[in-house]
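A short worksheet on the structure shown next.
There are 2 protein chains.
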Amino acid sequence: MKADKNLLSGSTTLLVLSLLAAGDKYGYEMIAELDARSDHTFTLTLKEGTLYPILHGLEKDGAVNSYTREASTGRTRKYYHITRKGLRRLEEQKREWTAFSQKVNAILSALSPAEGEALSGPASS
Amino acid sequence: MKADKNLLSGSTTLLVLSLLAAGDKYGYEMIAELDARSDHTFTLTLKEGTLYPILHGLEKDGAVNSYTREASTGRTRKYYHITRKGLRRLEEQKREWTAFSQKVNAILSALSPAEGEALSGPASS
DNA sequence: CCTAATACCTCGTCCTTCTAGGTATAATAT
DNA sequence: ATATTATACCTAGAAGGACGAGGTATTAGG
Numbered sequence: 016m017k018a019d020k021n022l023l024s025g026s027t028t029l030l031v032l033s034l035l036a037a038g039d040k041y042g043y044e045m046i047a048e049l050d051a052r053s054d055h056t057f058t059l060t061l062k063e064g065t066l067y068p069i070l071h072g073l074e075k076d077g078a079v080n081s082y083t084r085e086a087s088t089g090r091t092r093k094y095y096h097i098t099r100k101g102l103r104r105l106e107e108q109k110r111e112w113t114a115f116s117q118k119v120n121a122i123l124s125a126l127s128p129a130e131g132e133a134l135s136g137p138a139s140s
Numbered sequence: 016m017k018a019d020k021n022l023l024s025g026s027t028t029l030l031v032l033s034l035l036a037a038g039d040k041y042g043y044e045m046i047a048e049l050d051a052r053s054d055h056t057f058t059l060t061l062k063e064g065t066l067y068p069i070l071h072g073l074e075k076d077g078a079v080n081s082y083t084r085e086a087s088t089g090r091t092r093k094y095y096h097i098t099r100k101g102l103r104r105l106e107e108q109k110r111e112w113t114a115f116s117q118k119v120n121a122i123l124s125a126l127s128p129a130e131g132e133a134l135s136g137p138a139s140s
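Respectively, the protein sequence lines represent chains A and B.
Under the working numbering, the first residue of the first sequence is numbered 16, with each subsequent residue one higher.
Under the working numbering, the first residue of the second sequence is numbered 16, with each subsequent residue one higher.
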């Protein structure tokens with residue numbers, strides 16, 4: 016329940032940049048898209064209080080820029096567009112994520128066979 | 016450089032439990048093992064200031080228990096042993112991690128083909 | 001003898017996310 | 001007509017997790 020939130024840590028910016036690399040989007044839309052992609056299972060939920068400050072930070076860094084648009088519904092939306100700088104950053108973070116997740120998976124899969132050894136030491140559960 | 020630290024967030028407990036599931040270990044050993052497994056590339060580095068509080072927390076929760084042992088070198092080591100409760104927790108966190116990382120990977124790989132759509136909207140980089 | 005390595009620990013700081021609030025407009029229900 | 005819900009944006013402060021920097025003690029090596 017609580018671990019999900021923690022897992023998100025650090026990969027939030029990566030996810031935001033990824034979404035924007037697929038096309039310009041506005042904040043509310045990104046949250047809805049992530050929510051839909053995680054089948055509403057709370058696996059990948061991004062909160063407004065998290066997203067908006069991140070978008071502002073990315074814009075300040077020049078990784079994205081924004082423009083407002085009137086939707087056909089009459090609503091004003093603020094769209095974000097990823098820049099070349101943002102794309103470079105995305106690639107870099109993607110590499111880091113891949114390296115990291117592979118290492119974690121390697122450790123996770125390497126533990127089961129050594130189960131016998133775990134019981135060889137003095138233990139009391 | 017800095018993103019690595021953040022990526023670690025949330026999966027630290029999972030990694031610690033994984034290491035212990037492969038056999039009883041002491042703190043210093045776990046740090047060295049993770050460092051070796053990440054080829055010293057800083058991808059998976061766990062710091063003492065992070066590990067020890069986590070181990071104490073896990074022990075308080077009953078996920079691990081500990082015993083001291085005199086090594087052949089004459090040094091006193093504090094070994095940690097994972098309990099049944101800890102194993103259950105490990106399995107749960109493993110599932111969460113797997114679900115999470117798969118979703119992230121799905122998003123990462125789903126972005127490139129939509130590149131054309133990204134340029135259909137009004138944009139200015 | 002003095003330094004480096006082993007082995008443990010903790011406190012305060014920083015960074016990231018969330019909670020909980022706020023504003024404003026459009027659509028829907030009453 | 002009016003109230004509620006949904007859309008769409010925002011922010012300040014709280015909370016949580018990892019780290020840096022410090023500390024202690026013992027052993028090995030120069």
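Backbone N, C-alpha and C fix where the C-beta goes; we use that ideal spot for every residue, glycine too.
Item, Value
"Ser116 of chain A (DSSP reduced to helix, strand or coil)", "helix"
"Tyr67 of chain A - partner residues in DSSP beta bridges", "Answer is none; Tyr67 of chain A lacks a bridge partner."
"Other residues of its chain near Leu105 of chain A: CB distance less than 8 Å, five sequence neighbours each side excluded", "Leu29, Leu32, Ser33, Ala36, Ile97"
"Neighbouring residues, chain B, relative to Arg52 of chain A (Cβ below 8 Å)", "Lys118, Ala121, Ile122"
"Inter-stretch contact at 8 Å, needing at least 3 Cβ pairs: the stretch 110-127 of chain A / the stretch 43-57 of chain B", "yes"
"Secondary structure of Ser81 of chain A, DSSP reduced to three states", "strand"
"Boundaries of the alpha helix (DSSP H) in which Arg90 of chain B is found, first to last residue", "Arg90 of chain B -> no alpha helix (DSSP H), and no H or E assigned at all."
"Chain-ordered neighbours of Lys75 of chain A on chain B, where CB pairs are closer than 7 Å", "Result: empty, since nearest Cβ-Cβ is about 16 Å, beyond 7 Å."
"Distance between Ser24 of chain B and Ser83 of chain B (C-alpha atoms, nearest Å)", "Residue identity differs from the one stated: residue 83 of chain B is Thr in this sequence, not Ser. Cα to Cα, the separation comes out at about 29 Å."
"Short-range partners of chain B found in the stretch 103-115 of chain A, where Cβ spacing is below 7 Å", "Gln108, Lys109, Glu111, Trp112, Ala114, Phe115"
"Simplified DSSP state of Lys100 of chain A, which is helix, strand or coil", "helix"
"Contacting residues, own chain, Cβ-Cβ under 8 Å from Lys40 of chain B (five flanking each side not counted)", "Leu34, Glu48, Tyr94, Tyr95"
"Euclidean distance between Cα positions of Thr60 of chain A and Asn21 of chain A", "11 Å"
"Coarse secondary structure for Lys62 of chain A, derived from DSSP in three states", "coil"
"Closest Cα partner of Gln117 of chain B within the set A:Met45, A:Ser53, A:Gly38", "A:Ser53"
"Spatially closest choice to Arg90 of chain A from A:Gly38, A:Tyr43, A:Thr56, A:Ser26, by CA coordinates", "A:Tyr43"
"Endpoints, alpha helix (DSSP H) assigned at Gly42 of chain B", "42-52"
"C-beta neighbour in chain B for Ser87 of chain A, strict 8 Å", "no"
"Local conformation of Ser165 of chain B per DSSP, three classes", "Because chain B here runs from 16 to 140, residue 165 of chain B falls outside it and cannot be looked at."
"Assigned exposure category for Glu107 of chain A - 16 Cβ within 10 Å defines buried", "exposed"
"Residue burial classification, Gly77 of chain B (beta-carbon count within 10 angstroms, cutoff 16)", "exposed"
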